[in-house]
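One structure is given below, encoded as structure tokens.
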Amino acid sequence: MLKNRGITFKLISLLLTGSMLIFALIFKYNYELTKKIILKNAEDNAKHIAAIAVNKIEGVLNIVERINQHTAFYMESVPQTKEKLHVRLRNVIENNREIYGAAISFEPHTIDKELKYFAPYYFRSADTLKYRALGGENDNYFNQDWYAIPMALGQPVWSEPYFDPDAQIIESTYSVPFRDNTTGGRFIGVVSADVDLSWLHETVASVKMFKTGYAFLISKNGTILTHPNKELIMNESIFSIAETMSDKNLRAIGKAMIRSETGFKQIKGFGTTGKSEKLWLFYMPLKSEGWTLGLIVPNDELLSDIITLHEKVIALVAAGMLFLSIFIASISASITRPLRRLAAATKDIARGSFDDCKLSHPKTKDEIGELTSSFIYMKSALREYIRELTETTRAKEQIESELKIAHDIQMSFLQKLFPPFPERTEFDLFAAILPAKEVGGDFYDFFFIDETHLCFLIADVSGKGVPASLFMAMTMTLLKAHTAAGLSPNEILFNVNAKLAKDNSVSMFVTIFYGILDIETGDVVFASGGHNPPLLYRKDTSELIPLECGGIVVGIMEEDIVFDKGLITMQNGDFIVMYTDGVTEAINDLEQEFTEERLGRLITENHDKPISELVLQIIEDVKHFSGTQPQFDDITLMILQYNSKKIQEL
Amino acid sequence: MITALVVLASAALVYGETGLKQASFVPQWLPQAQFAGYYVALDKGIYKKRGIDLKIITGGPENPAAALHDNGTADFASMWLLSAIQARANGKKLVNIAQILRRTSQMLITRKNSGIGEPQALNGKKVSLWAGDYSIQGMAFLNKYDLKVQLVNQSETVNLFMSGAVDAVSAMLYNEYHTIVNSGLDPEELAVFSFYEHGLDFPEDGLYVSEDKLAADSALCCAFVQASIEGWLYAFAHPDEAVEIVMKYMKMAHIPSNKAHQKWMLSKIRDLIIPDNNTAKIGILTQADYQRTAAMLKVGGLTETIPQFDSFYKGCVKK
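Chains A and B supply the protein sequences, listed in that same order. Counting from 61, one number per residue, gives the positions in the first sequence under the working numbering. Counting from 2, one number per residue, gives the positions in the second sequence under the working numbering.
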């Protein structure tokens, strides 16, 4: 389960991370691009709005400029009297509501040689026109900016706006110098008009961008002339605000503003509270006054569309990612669910419970579907196989059990009680058989034909298993049946061969060594049907003599079979070692055979041991020699020792 | 006339109902941080603590301190040392009871890009000087370097300079210099001729009282001086609060103000009040400073006699 979850988790996290990354890059690019476009649009929009306001303000102020320039021209071109000046000033104010007050101020001793100061000044006061003569020891207008600056510069000038404590209003004065053309253009005075700037508040306040965007106006020196926050007006300048906020960038913008530049810049606040906020400032000059209109737009509002858009995009992407997660989860589930089922099925199958394991045929033809199909096929194949195996095993077990019985029966044919004839001291006889796993075909037998003749034989049926076993039983029976007094071993073998070969459709055969001992003389008559020659140990000479005798295997050839007859006489203590090829052809781990030489050596070295011990020792040696190699053939040994002495002693 | 003054003086120095002595003071200009110590002392009750119920009369062009002092409207006045010496030389019986600004910060400012890097370069240029006593130092500077310039009268603003109508403008470091900077000219764009650095250091604002009033109640005079100095020390220790207080009085007087400028002014004024960082010397007028200043007046032909230092200076803070 964990592993399956792991696949889903990995898929989701990898795919989501990948798509998030791609999205983030696209989003960032899109954001920057959109922002650029929005800022460009906002700048164009601000420029448009500001231009309207600037034109409106300049439209009003230009009227004042033209009137004053006209008055100055009038002063220069028409000979003046004091009375004419009064009339002119009154007309100017009465006909131009923009003008709060107007003066024509003269240099000392110009229009009137007697007067140091001559400056008639008319101004509005509660809907009436009032007059005041400017100048006096405490009112030296020659030092005033509105007089001194145009005089020094020789050109019309808008003064820095100032607070008029008498009128309680903020004014700016437009002053135009005029000259006496009769005396070569000598400067003789200034025509000035005071403009009440109160209306600027409304005009500038009407300029708005977005929700809380606002406009403000600064003078040539950067002084705030209008601003929604009245506290700032005439008190602060853009530079003092920059200083309060420690904002070098704002100061640089302020300098650009008073240089009459146009721009659109980001600032980090505009006020004296030190509050930091992201704002955008557009500025545009009022060229003839040297003032600058500023338009402030909060970044949030400016970018609110893009922010809203991107919030929506993010929401959509989040939804998309969720959908993608679900999608991936379902895909991964479609992969992992059959896998999980397969895993469970594997466990069931491993337990062998095929019926618990329910795998439905896949609906898809993909790899998982193929795997499932294969698995289902494997399951049914396995089931069939196991069923067959079970049956086979049962059959095999039955056969094995029958074989076991057959084997037991076979073994029961062989005499296992030694010494077999305890009352007979003339000879010792000991035999042992170490059967191979399967039922083999080795056997031995011994019995008295008459009082003095002991028949002994060892045989090895070709092949293994039941046929060999049956063949052995038949051979054994035939051998016993054909053994009769007076018949020599070769005649017996001849007869048995004839019988066996006659009905031998399976071409089985048997090798037989057949001997008859005359226990009185020690003579041994023998014949061999293709069997390994037994070894005769002569005690006197310590010789080991193979008892070879002509003859072929028994049971195959039906006719013209001649078995030779061998004869030896055993002396006291001599013994014959009979064996089957299971002894000499035993294989060791190096695939070497045990060999007759080895057997001979073993016999010679241990000739003085009792024959039972010798038999067991040979068998042990063969087993030891074979090591881990399985025993393929029966190992059968039989030793017959002749003890004539014992008879003499008796 | 003298009798009338004495009568006025005794009328002024009466005990109020609160048990405080009533007194009035006029600074030589409109409320600003140049006079922070007095407004702070008033606002923080320091004068009251010293037994004075002080009234600060708003000075300025329409209320010249010297005139208000002369006519007895104000018991105490803040005046320029240069002006006071002249006044005493001309027979006015006023005495210095504390020299508050012990150094000058007056200067001439030019634009660096006008190429005026040394005094001689001012020859033939338009230089604006304030009228009256405020031009004395400027004139002394021009004389020192034997400069022939086109003098232009300077108003209270620096607009003549800002508009380019003059090449050099008179300025106080604590005031006009900063106004120029906050009108858009960076300090790096300005070339400054500091009168102090050019050997023309004349102490500026001092506290004055008439001889008669001092004789009538020297304890009150010294209490006024002590309270004022305490006010200054409080202002230096609490510059933000001091600026708030000053701006309150500025607002009351309908004077444009901004914190940045007043903070600057207070910090620069501090350098003039305690140029040596020794607060024990606040208010002291040294004879050397007096003689140098008076001698300059005589050289400039503005006065014929130099009043005796001992008769002119009756400082409450003695060294």
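Glycine residues also receive a C-beta, built at the ideal position from the N, C-alpha and C atoms. Since we're looking at a predicted model, the values are computed, not measured.
- Secondary structure of A:GLY380 (DSSP, three-state): helix.
- At least one C-beta of chain B is nearer than 9 Å to the C-beta of A:VAL217.
- A buried status is given to B:VAL41, since no fewer than 16 other beta-carbon atoms sit within 10 Å of its beta-carbon.
- For A:GLY582, the closest C-alpha among the options A:GLN228, A:PHE623, A:SER413 and A:GLN631 is that of A:GLN631.
- Contact with chain A is found for B:PRO62, since one of that chain's Cβ atoms lies less than 9 Å from the residue's Cβ.
- The beta carbon of A:ALA208 falls within 9 Å of a beta carbon belonging to chain B, placing the residue at that interface.
- Pairwise C-beta distances place the region 286-306 of chain B out of contact with the region 123-130 of chain B, as fewer than three of them are shorter than 8 Å.
- Minimum Cα-Cα distance from A:ARG239 among the listed residues A:PRO210, A:ILE229, A:ARG411 and A:MET317 corresponds to A:PRO210.
- Between A:PHE623 and A:ASN550 a beta carbon distance of about 4 Å is seen, short of the 8 Å cut, so the two are scored as contacting.
- Of the candidates A:GLU427, A:PHE270 and A:PHE531, the residue whose Cα lies closest to the Cα of A:SER394 is A:GLU427.
- At least one C-beta of chain B is nearer than 9 Å to the C-beta of A:ASP205.
- By the criterion of a C-beta distance shorter than 6 Å, A:GLY575 is surrounded in its chain by PHE516, VAL584 and PHE586, once the five residues flanking it on both sides are discounted.
- Interface annotation, A:ASN295: in contact with chain B, CB-CB separation under 9 Å.
- Taking 9 Å as the threshold, the shortest C-beta distance from B:ASN259 to chain A falls below it.
- When DSSP states are grouped into helix, strand and coil, B:GLU242 belongs to the helix group.
- For B:LEU161, the residues of chain A that pass the 8 Å Cβ criterion are ASP205, ALA208, ILE209 and ALA212, in the order they occur in the chain.
- Annotation for A:ASP488: the continuous beta strand (DSSP E) segment containing it runs 487-494.
- Annotated as proximal: B:ALA37 and B:MET266, with beta-carbon spacing under 9 Å.
- The region 96-109 of chain A and the region 338-349 of chain A touch, with three or more beta-carbon pairs separated by less than 8 Å.
- Relative to the Cα of B:GLY302, the nearest Cα in the group B:TYR48, B:ASN144 and B:TYR39 belongs to B:ASN144.
- With 16 or more other Cβ atoms from the protein chains shown falling within 10 Å of its own Cβ, A:PHE654 counts as buried.
- Judged by beta-carbon spacing, A:SER279 lies beyond the 9 Å limit of A:VAL255, meaning their Cβ atoms are not closer than that value.
- Contact between the region 373-388 of chain A and the region 287-294 of chain A is absent: fewer than 3 CB-CB pairs across the two stretches fall below 8 Å.
- If you draw a straight line from the Cα of A:MET438 to the Cα of A:LEU402, it comes to about 12 Å.
- Shown here, B:HIS199 sits in coil according to DSSP, grouped into three states, outside any helix or strand.
- If you look at B:ALA172, you'll find it in the beta strand (DSSP E) that goes 169-173.
- A:ILE388 is positioned such that its CB atom lies no closer than 9 Å to that of A:LEU81.
- Under the 8 Å Cβ criterion, the region 449-461 of chain A does not count as touching the region 662-670 of chain A, having fewer than three qualifying pairs.
- Here the alpha carbons of A:LYS559 and A:LYS464 stand approximately 28 Å from one another.
- Close partners of B:GLY38 in chain A (Cβ separation under 7 Å) are lacking, with about 23 Å as the shortest Cβ gap.
- Close to chain A, meaning a Cβ-Cβ distance shorter than 8 Å, are the following residues of the region 153-181 of chain B: VAL153, ASN154, GLN155, SER156, THR158, ASN160, LEU161, MET163, SER164, GLY165, ALA166 and VAL167.
- The beta carbons of A:GLU337 and A:ASN309 sit no closer together than 9 Å.
- A contact is defined here as three or more CB-CB pairs under 8 Å, and the region 302-319 of chain A meets this definition with respect to the region 182-191 of chain B.
- With its beta carbon less than 9 Å from one in chain B, A:PHE299 belongs to the interface.
- Restricting attention to A:GLY589, A:ALA253 and A:SER392, the CA atom closest to the CA of A:VAL124 is found in A:ALA253.
- By the 16-neighbour rule on beta-carbons within 10 angstroms, A:THR601 is exposed.
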